[in-house]
Each structure stands twice: as structure tokens, then as C-alpha cells.
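Just remember that my numbering sits 665 ahead of the position in the sequence shown, which is counted from 1.
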Amino acid sequence: MAKRMLRTPLCDMLGIEYPILSAGMGPSLIGEKTGAPVELVVAVSEAGGLGVLGGAGYTVEGMREAIREIRKLTGRPFGVDVLLPAATVAAGDAPAESARQIPLADALNALPAAHREWLQKVKDELGLPDTEAVISGGTTTSRPHAAVEACIEEGVPLFCAGLGNPGFMVEAAHAAGMKVLGISGNAKNAGRIAQSGADLVVAQGHEAGGHTGRIGSMALWPQAIDAAAPTPVLAAGGIGDGRGLAAALAMGCVGVWVGTRFLCSQEGGALDIQKQAIVNAGDEDTRRTTIYTGKTSRATYNRFHDLWEESGLEPLRFPVQVVLASAVVDMFNRAGNVEYVGPFAGQVAGLIDDVKPAARIVEEMVEEAADILTRKLPETVKVA
Ligand SMILES: Cc1cc2nc3c(=O)[nH]c(=O)nc-3n(C[C@H](O)[C@H](O)[C@H](O)COP(=O)(O)O)c2cc1C
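Pasting the structure below:
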């Protein structure tokens, strides 16, 4: 069958064929390096969409190498996603020397006594082994200014700010010929990001995987479009096939930003066991929780969620909570207690029942959305 054409102004802005971006996904804690690795970026960009590297788990130098690797493998446009938490951006970068591998057990010593005691209690009661994992200190998340500088030096075509407002770097990015995208979970922040000069805003609904807000996609997208106008908005949260793409375009979004569906692709960075958890999940099998990062994030439901709720502890500030959660997840992984671990994933997990190549996901999404817009809607909706 001939390839379908499905274009929006986003395609002209970014120099791509289809208005589909794979989300920049960081790691689901210990066990994987990033949810959106080089292979996924290249596969999506080569398929006519735009792949975005999940820069959050990399050191700045590691991210730079990944960017160069992408350039070797594709001549097409791509993006890089970095978390820009407002507090870290204001406080300044951690020192460059912090970018080294640290035994997780050592990092735990810096946590408050109450959290360490709880960890010990969980370990004793469930007979878990010590963690032997190492974590990367000085990732892009703790060195946001250096990360931004590296992206600008490398001339990344699309810079994506996963958390926080990218306004402070827009001018320098534009001077380097780059486009800038910011992500928001409510209309107010969508407006702020647009007003700070970003070229694109992603409006990400409550149903999304990873960090997520309180407003459902259906309610959020049109309100974000109004708040960000005339800056174009991409839809995120709950999009897993061509029906989601067609709905987002019908609402006035210029394209889609898709996470969970691409995480569960052959090139997605999740471990096989995590992809299987997404395939097995139904629509009710994800929960929002603060256990993983200290901010509300959505993951497939597992018994770690109950343990944390029963603890009565307050989450530590982002990203310190990640140290605690990584230790617990690593202990459960090593003990083979799969009922206590699960990846970040959105409610759309219920729609996903296979792990397939990312290029096929792009093709099928385009094919289905094009069929809805050109045939199904005119056949079923009579308009006078
Ligand atoms: C495993 C995982 C990791 C994520 N990590 C990040 C991240 O590092 N930066 C970011 O901007 N968004 C992150 N997100 C959110 C995605 O960018 C995206 O907004 C979300 O997945 C869209 O909803 P969906 O999962 O329903 O497609 C992550 C999502 C998942 C599933």
C-alpha cells in the first residue's frame, strides 16, 4: 500500500513527515539507562516522526556522546529532553566532579534517619539482599546549565524541557538555530511556557506515564491551546494509536508526544520484564504515587506502592527520593520479587498488547488516523 500523507504545520516547523514525536523518557530508576535511548530516537526519526532522547539519566558527557551517535545513524531531525527543575536551575549546577559512579549504598547514608530506618525495616521484614547497584552522580538533572550548554554546542534540532520552564535558554537556543519545547500539565503553565518564548508546548494529561499532573487530557488540551495561543500545542497523555492522534488533531493540536507506547517498542529503553508489565496491564493497573521521585508520577501498580503508603513518610524532595526508591527497587529486583516493581507507564498501557518495532507504531498510527480523517468520519458523521 502506498504511504499515506498526514501533515500539519508542525511538520514544516521541524522538517518531518508526520506529526508524531516519541517522548523524551528518562530511566525507570535502577535497571535501565533511559526509556528513550539512541535506538528509539533513530527508529522514530527514520520512520518520519521525530525521536527525542531521554537525557535525564545521562551525565552531560554521556548525553553528548549519545547526540553524536544519533547524528552518525540518521540525518533526520531529532530532539533531546532534559529535566529543568526550577529549584536546581536557580541554585546552579552540581560540580562537574560529581559526575561519577557512586555505590547506591553510600548515597543512602545521606538520607534522613527516618527514611533509612524504614528501608532497613522493609529489608529485614522481607528478607531482601543489600543493594549493590551504582548510580550516576552529576546527571543532566543536577547539572541543567551544563546540559543546556552541551545541547546548544551540539546544535540539537529540538530542545525539550521535561520539567520547569525553558525560558532562560530560549534566546541562546534560537541563536543556534534550534527550536525549544516545554511540557505542561495545566493551562496556566502552558501559557507561561509559551510567553517565555518556547516554540512548542506539550500539554500532558493526568493519564500519562511518568511525572503527571491533575488534569485529564480531554479537558486539558483545548484549555492549553487557548492559554498558549498562538504558540502551537502538542497533545500528550493516553495516546497509543491512530484514534488518539486523530482526536488530538481534531481538537486543534499540531501533533502528538507519545511515551508509554514507544517505551513498549522493540527499541524502547525499558527492560523486557517492564515491557511485559505494560503488555499485561489493563486500563486500571497504573497509579500515581510520590515514591519514585518525590513528585507525583504514574507507574504500573505494584506492592511497593502499598508499602510506601503504609510507611506514613513524607517523600524527600526531587530528586533525592530517587536514591531511596532506586535502592528499594534494586533490592526487589535482586530478590526476584516482581510483584514489588513496575515501570513508569500511562493508563494507555491497557491498549498495548504487544512489543513491536517503533517504525511500525509510527506507520500504524498514521494509517489509522488518516483512515479516520478521510473515510470513517465522513462516512459516519453527517454534517450539513
Ligand atoms: C518511563 C517513562 C519515563 C519518562 N521520563 C520523562 C523524562 O525524563 N522527561 C520528560 O519530559 N517526560 C518523561 N516522561 C513523560 C513523557 O515525556 C510523556 O509526557 C508521557 O509518557 C506521555 O503520556 P503517555 O505515556 O500516555 O504517552 C516519562 C514517561 C515514561 C513512561
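Think of the CB as a built atom: it goes at the ideal place given N, C-alpha and C, for glycine as much as any other residue.
The C-beta of Q939 has 16 or more other C-beta atoms within 10 Å across all chains shown, which makes the residue buried. Pairwise C-beta distances place the region 830-837 out of contact with the region 756-764, as fewer than three of them are shorter than 8 angstroms. Relative to the non-hydrogen atoms of ligand 1, the Cβ of G802 never comes closer than 6 angstroms to any of them. Residue range D937 to N945 is occupied by the alpha helix (DSSP H) that includes I943. In the three-state scheme derived from DSSP, where H, G and I count as helix and E and B as strand, L686 is classed as strand. Secondary structure within the region 796-823: the alpha helix (DSSP H) runs of 4 or more consecutive residues, fully enclosed, are 809-819 (chain order).
Rounded to whole angstroms, the gap between the alpha carbons of M728 and I735 is 11 angstroms. Rounded to the nearest angstrom, the gap between the Cα atoms of A873 and W922 is 10 angstroms.
Distances taken from the Cβ of D950 to the heavy atoms of ligand 1 include none shorter than 6 angstroms. DSSP places V866 in the uninterrupted beta strand (DSSP E) bounded by L865 to Q869. Three or more beta-carbon pairs separated by less than 8 angstroms link the region 804-823 to the region 710-725, which places the two stretches in contact. Exclusion of the five residues before and after G959 leaves P980, L981, R982, F983 and Q986 as the residues of its chain whose Cβ lies within less than 6 angstroms of its Cβ.
With respect to the C-alpha of A884, the residue from G803, G850 and P895 having the closest C-alpha is G850. Shortest Cα-Cα distance from I800 to any of G680, E697, T925 and S976 involves E697. Our two residues, V707 and K786, have alpha carbons roughly 44 angstroms apart in a direct line. Under the three-state reduction of DSSP, C676 is assigned to helix.
A heavy atom of ligand 1 is found nearer than 6 angstroms to the CB of L928. With a minimum length of 4 residues, the unbroken runs of alpha helix (DSSP H) contained wholly in the region 1003-1043 fall at 1023-1036. A heavy atom of ligand 1 is found nearer than 6 angstroms to the CB of S693. Taking a 10 Å sphere around the C-beta of P760, we find fewer than 16 other C-beta atoms and assign the residue as exposed. Assignment of P768 by DSSP, reduced to helix, strand and coil, places it in the strand class. Rounded to the nearest whole angstrom, the CA to CA distance from E730 to R781 is 36 angstroms. Taking 6 angstroms as the cut-off, the C-beta of D771 does not count as close to any heavy atom of ligand 1. The bridge partners DSSP lists for L846 are C825 and L865. If you check the C-beta of A990 against ligand 1, you find no heavy atom less than 6 angstroms away. Bounds of the alpha helix (DSSP H) holding S976 are R968 to S976.
Each residue's CA atom was taken as its position, placing E819 and R741 some 15 angstroms apart.
Taken in chain order, the whole alpha helix (DSSP H) runs of length 4 or more contained in the region 697-724 are 703-711. The beta carbons of L773 and V994 sit no closer together than 7 angstroms.
The C-beta distance from A863 to G802 rounds to 30 angstroms, too long to meet the 8 angstroms contact threshold.
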